[in-house]
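Protein sequence lines, in the order shown, are assigned to chains A and B.
With the first letter of the first sequence counted as 1, position 184 gets the number 184 in this note's numbering; the numbers rise by one all the way through.
With the first letter of the second sequence counted as 1, position 416 gets the number 1416 in this note's numbering; the numbers rise by one all the way through.
Working notes, structure below.
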Amino acid sequence: MTRMGLLGSLAVTYPAAALAELRLTKAEQALADHPAEWMQESVWKTLAQVQEVLFPAGEDIPGAADIGASIYLHNAIENPNADGDDKDFIFRGVGWLDGLTQQRHKKSFLQLMPQQQEEIIQAIVKSRAGRNWVSMLLTYILEALLTDPVYGGNKNGVGWQWLEHQPGYPAPAADKTWDQLLQRRYKA
Amino acid sequence: MKDYDVCIIGSGAGGGPVALTLAKAGYSVVVLEKGPWFDEKDFYKDELACCRRSVYTPKLSEEQHVIEDTDSEGNWVGEATSDSGWDFWNGNCVGGSSNLMSGFFYRLKPVDFRLLSEFGPIEGANVVDWPISYEELEPYYTMVEKEVGISGRFTDHPYAEPRSSKDFPYPPTQEHPISRQFDKTCDDMGLHSLPTPRAILSRAKGDRRSCEYSGFCGSYGCSSGAKGSSRAALLGQAVATQHCEIKPLCKVYKLSSDAKGKVVSADYYDAKGEQQSIKAKLFVVACQAIETSRLLLSSTGPKHLHGLANNSGQVGKNLLFSAGGSGNGDFKYADMDEQAADAMKTRGPFVNRGLQDWYFIDDKAMGGRVKGGTVDFLLRHPNALSKAVSTKWDGDDLVWGRGLQKKLKSVFTDSQTLRYEIFCDWLPTDDCFVSLDNTVKDKWGSPVAKVRIGYHEHDLKIGNYINERCSNVFKKMGATNIRSNVSGAPPQNLVAGGCRFGHDAKTSVLNADCRAHDVENLYVTDGSFMPTGGSVPYTWTIYANAFRVADRIKDVLSGTRG
């Protein structure tokens, strides 16, 4: 019943102090000092920034980086069991975003001021494809916020704490994630 | 390969009782299940696995249905679910969708067995009486209470069906504080608040533990074994007799029949995609209604030119869903004192309440006495993602940034949501049936089921009548933001019919024993047999009928029944 105990402690209102603490964890620092190779790629840097615009950190609100939104997205779309269409679509969308940004500002999305980044997203959702792209990114952000930390987002349950959500139990084991269970549909 | 006495296709609520009964009697039984074999150690409260990825159901790109609905001009138009994303699968794994049910269990009532005699014909609907009575099924409803494990507390009320035992073998599961508030409101309104019987153990039974009250029940596999799935409650015992083999990842594509019309083998693809065949004396089909009809229609033979057991042309006809609708109401924490708010936030125990006060409706406005339905009350499912993802839309516009975060915070932390679900008869009509699609094929190259999903307007009339009254209960309870929906859209998880049983071989597929009229060694034991649905969820009736048919099959195998 230790899991129950943990749930109890999660069920309190999310304090800003805890978020500050979370932002300074050693793991976070280590990741910041030695980020994974894919994080250096410009497409992922752009995606991480778009996620921050879509889900910004606030004093007592965990933002995209706090919840590990880009790590979650990377895990999700690089998963060989995932729907490959999502990855293609998301990467193509970064191309449109860059194109529009260059056209309007002669700069990359990352070089824009926050207000300009917001305006670019507002422009993008005016087209059907652009809206679908942002919608898909939002879904992955919400998954990062609220799925079990085993998938790489929702660090230390930060999303659950913020929304006072009590997760169910038992929580998924590392060797029983959805993609591993899915493979059992194909193998004797 | 070994010859078996009985080969069962499908391991859900229709297959499990037959496997257990016949294996216990010493007959050799093989169960072919197209999905994998998960057990308690594989079930976690993981919303991705249960509800957002295809773990328990096939990928729609590999296996789909074609759904036929009317377009704006009233023409029937088919669309593959691989295009629409409208998933009609309900749990393809050992134990079937009973692994994923919420387990609110209601019996049918005696009148449900003779709707035509009781209420007369309805134009445009194929209402008939059943070839058996409630009294014949009653001992098996009682058997299910014990074998599957149903918890509850019998409460007499004007529409209570007769029962042969005094009360349920397991006391009710723990109940949410809101249940008392519901009881009081119903008392004030002169309604009969009923404890909902549940196929969930409130104390241990053999290897199965009691419910552990995580609060995430429906849509999830049960890690404690408390949920009375066919797998947890029946198949484990069947295998323990050493007379029952379960073969997962075996997809039966055809039942081959001989020159006399008897089934000789079940032909299937194994996990490697290789064709295999199993011989048995007797075959039992229980793949859930749509796939059962599809398998029979696909299984042509020398005596079955239009599909197995289909010399009447009735296979696939009179498919049933469940009519009705649902409603939600919010109870805002800000309107309560702290103690009441804390109680309202309780997660885990069940609401466990239902109403059958409108099971029959006698109202001039409805044209006299008509059949109504059952209402179940429950908390909104605590799934976080389904709640969160809906917040990203404001009509057709996307919401992000602070606006999104504000909505999320409100949806998650402002209120508890109570919900009702209305179950009414889905009238059988000529516009709701299963056939084979001419063009769309699954990954093995077999034609997929095409499902026409027409409904009868009468269903909406009944649904709306009950909905209005439920909405009043919510108002009286002090709920806010009450929203409800009654529509003719089929709930794909509540499906039956397609192989109705009856005395007349011209108008039904199965006889009263659920044996095919024109195939002496073929039985159907899932919900397909039901000629009318009744106004409760189907699973208890499917379990009970499968136990009943299993007894008939046992008598046939032992030579005491022809």
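Don't be surprised by glycine CBs; every beta carbon is placed ideally from N, CA and C.
Taking each of B:T1173, B:I1178, B:N1310 and B:D1183 in turn and checking the Cα distance to B:R1198, the smallest one comes out for B:T1173. Contact of B:W1086 with chain A by beta-carbon distance below 8 angstroms is absent, the smallest such distance being about 17 angstroms.
Look at the region 1072 to 1100 of chain B: the residues with a C-beta under 9 angstroms from a C-beta of chain A are N1092 and C1093. Counting along the chain, no alpha helix (DSSP H) covers B:C1244; the unbroken beta strand (DSSP E) around it starts and ends at C1244 to K1247. Per DSSP, B:V1524 lies in no alpha helix (DSSP H) segment; the continuous beta strand (DSSP E) that holds it begins and ends at L1522 to V1524.
Spatial neighbours of B:V1077 in its own chain (CB-CB distance under 6 angstroms, excluding positions within 5 residues in sequence) are listed in chain order as D1071. Here the C-alpha atom of B:V1411 lies approximately 8 angstroms from the C-alpha atom of B:A1388. Each of B:I1290, B:D1431, B:R1380 and B:D1376 was checked against the Cα of B:R1452, and the nearest Cα belongs to B:D1431. Taking a cut-off of 8 angstroms for Cβ pairs, the region 1156 to 1166 of chain B and the region 1127 to 1144 of chain B touch, as three or more such pairs fall below it. In chain order, R184 and R185 make up the part of chain A whose C-beta sits under 7 angstroms from the C-beta of B:P1036. By the C-beta density criterion, B:M1101 is buried, having at least 16 other C-beta atoms within 10 angstroms. Its chain contains Y1134, L1137, E1161, G1534, V1536 and T1541 as the residues whose beta carbon lies nearer than 8 angstroms to that of B:L1108, once the 5 sequence neighbours on both sides are disregarded; these appear in chain order. Following the DSSP letters along the chain, one finds B:V1519 in no alpha helix (DSSP H), marked with neither H nor E. For B:N1511 and B:Y1523, the gap between their C-alpha atoms comes out near 9 angstroms. Membership of B:Q1181 in the alpha helix (DSSP H) is indicated by the continuous run I1178 to M1189.
In the DSSP assignment, B:L1379 falls within the unbroken beta strand (DSSP E) covering G1373 to L1379. Of B:Y1140, B:H1157, B:W1130 and B:P1169, the smallest CA-CA separation from B:I1150 is found for B:P1169.
Residue nearest to B:N1485 within the set B:Q1492, B:Y1420, B:A1505 and B:A1080 is B:Y1420 (criterion: CA-CA distance). Beta-carbon to beta-carbon, B:F1331 and B:R1353 are separated by about 15 angstroms, too far to satisfy the 8 angstroms threshold. In this structure A:A123 is not in contact with A:L138, their Cβ atoms being roughly 17 angstroms apart against a cut-off of 8 angstroms.
A residue is called buried when at least 16 other Cβ atoms come within 10 angstroms of its Cβ; A:H34 does not meet this threshold and is exposed. The continuous alpha helix (DSSP H) containing A:V50 extends over residues S42 to L54.
Counting only Cβ-Cβ distances below 8 angstroms, B:G1215 has contacts in chain A at Q166 and G168, in chain order.
Taking the CA atoms as reference points, B:I1200 sits about 35 angstroms from B:E1457.
For the region 1324 to 1358 of chain B, the set of positions with a beta-carbon nearer than 7 angstroms to some beta-carbon of chain A reads R1347 in chain order.
Inter-segment contact for the region 1010 to 1021 of chain B and the region 1030 to 1043 of chain B is present: three or more beta-carbon pairs are separated by less than 8 angstroms. Taking the C-beta atoms as reference points, A:R131 is found no nearer than 9 angstroms to B:L1249.
B:L1234 counts as buried, since at least 16 other C-beta atoms from the protein chains shown sit within 10 angstroms of its C-beta.
Within the region 122 to 136 of chain A, those residues whose Cβ lies closer than 9 angstroms to any Cβ of chain B are, in chain order, V125, R131, V134 and S135. When secondary structure is reduced to three states using DSSP, B:A1266 falls in the strand class. Of the residues assessed, B:E1291 falls on the buried side of the cut-off, its CB having 16 or more other CB atoms within 10 angstroms. Taking a Cβ-Cβ threshold of 9 angstroms, none of the residues of chain B is close to A:V94; the smallest such distance is about 17 angstroms.
Within the region 1388 to 1403 of chain B, the residues whose Cβ lies closer than 9 angstroms to any Cβ of chain A are, in chain order, A1388, V1389, T1391, K1392, W1393, D1396, D1397, L1398, V1399, W1400, G1401 and R1402. Closer than 9 angstroms to the CB of A:P172 there is at least one CB belonging to chain B.
Here B:Q1339 carries a helix assignment [DSSP, helix/strand/coil].
In this model, B:I1361 and B:G1152 are separated by some 26 angstroms (Cα to Cα).
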